[in-house]
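At position 50 of the sequence shown the residue is numbered 51 (the working numbering), and the sequence of numbers has no breaks. To keep things clear, I will list the structure first and then write my remarks on it.
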Amino acid sequence: QCGEMNRLPVVHCKKCGARLDFETAERQMIESARPTLQDRIRNGGKLALALAFLLAILLMIWPGRMTRTYGEEIDAKRYRMKGELLIEALNRGLPASQVIEEKEINAHFREIVGAQPAARGGLASRVVDVGARFFPGRAEVFIAVKRGPFTFTGQFRARPQGAKLVVTGARAGHLPLPGLLGRAYAATTGGVFRQLKNESRILRNLDAVQVSDGSIELLTKAGN
């Protein structure tokens, strides 16, 4: 009644002498220990955020796949010949154009992946798959990198914009990354493709690009 703090096991208040109501005190303790609606909302939000983060991690480490058209050894040779013609035209400062078929570039990528040296160390990174797929007005590129026991995959969608192929979205494993997120993820894996020096030079010097079903046409600039 007077608000004085009393220690158990007293029965009467040491200040005012009123008999202590243990049932009311116990009920108040139980009610004060119960979470409020605001507490439940806050805890639910934290749980939802943790589950969303866990789901994103699981989707990222779940390897994706790409269905594409593969060619034979002769198709890989055709691809390299077309690339060399474009590079020769660049060296001479002349414009040039070539139509690259999906089966040609994928046959070439398969040979590159197969010619890699064996990975050293249990956690060493190794590219295990690279591929491309062409649709009307859209291209897709796929890459799979093995790191230790895990295989991480990335799939990138690109559309012609002027004289460039611009990434419009991506998937890290099975996690969709639209727009800016896709471009940021593409930037983190760009080092793998920059190792393809001829291809990188051709892409830097494009004057026009057109993507069709199963093929891509590249036109390089003059004077570079």
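For glycine and all other residues, C-beta sits at the position ideal for the given N, C-alpha and C.
Under DSSP, S33 forms no beta bridge with any residue.
For the 8 Å CB-CB criterion, L219 and Q99 form a contact. Following the DSSP letters along the chain, one finds Q39 inside the alpha helix (DSSP H) bounded by residues L38 to I62. Annotation: the continuous beta strand (DSSP E) that includes R127 extends over S126 to F136.
In this chain, A223 is not harboured by any alpha helix (DSSP H), its DSSP state being neither H nor E.
In this structure, G215 places its C-beta atom within 8 Å of the C-beta atom of T70. By the neighbour-count definition (other C-beta atoms within 10 Å, threshold 16), I31 is an exposed residue. With respect to the 8 Å criterion, G174 and R158 are not classified as neighbours on the basis of their beta carbons. Under the three-state reduction of DSSP, K15 is assigned to coil, being neither helix nor strand.
The DSSP-derived three-state label of D76 is helix. Under the rule that a run must span 3 or more residues, the beta strand (DSSP E) segments found entirely inside the region 132-212 read 139-148, 151-162, 165-173 and 176-179. Under the three-state reduction of DSSP output, A26 falls in the helix class. Secondary-structure assignment with DSSP links Q99 through a beta bridge to L219. If you draw a straight line from the Cα of A53 to the Cα of G46, it comes to about 10 Å.
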